[in-house]
Amino acid sequence: MRFLVARLRLASTKYHQKSLSPMYSEDLENRRISRKIKKLKAEMTEMSEQQEDIKQGQKEMRERFEEIDSECEQLKKETEAISDASNNVQLRLNIMLHILKARQEG
């Protein structure tokens, strides 16, 4: 009886080995694909983080350029104000010079 049970187990094992062989290779293929998918997901996550860093950097640069542009506009206004004041001073000096010449002549 033991012999018969052992023989049935052996026959059963051989049958399962033959029938599991394609399943085993399928399982290996599935694991290989799963590893690749996991690796790709990790790479995609890393790329996504890098893209977010780039977006943040671009945002900061854009804000800095806007600040610089605003400062430039302010400097232009201040320069125009100084130029206007200088023109007014020059006009006053010319008037004073004419007054002095008129006094000397007259």
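Our numbering numbers the first residue of the sequence shown as 163 and each following residue consecutively.
Glycine included, each C-beta is placed from N, C-alpha and C at the ideal position.
Nothing here was measured: the structure is a model prediction, and the numbers come from that model.
Please report whether the beta-carbon of residue i lies at a distance below 8 Å from any beta-carbon of chain D.
i, result
"E235", "Checking the listed chains, one finds no chain D in this structure; it contains a single protein chain."
I need the straight-line Cα distance from residue i to residue j, nearest angstrom please.
i, j, result
"R193", "Q218", "37 Å"
"K200", "L190", "15 Å"
"E222", "E235", "20 Å"
"K263", "R254", "14 Å"
"Y177", "R197", "Residue placement at Y177 cannot be trusted, given a pLDDT of 49 that sits under 50; what the coordinates show is reported in the next sentence. The straight-line gap from Cα to Cα measures roughly 30 Å."
"N256", "S232", "36 Å"
"R226", "M206", "30 Å"
"Q252", "D246", "10 Å"
"E214", "E228", "21 Å"
Can you tell me which of the three DSSP states residue i falls into?
i, result
"G219", "helix"
"Y177", "Note on Y177: pLDDT 49, under 50, position unreliable in the model; the coordinate value appears next. Helix."
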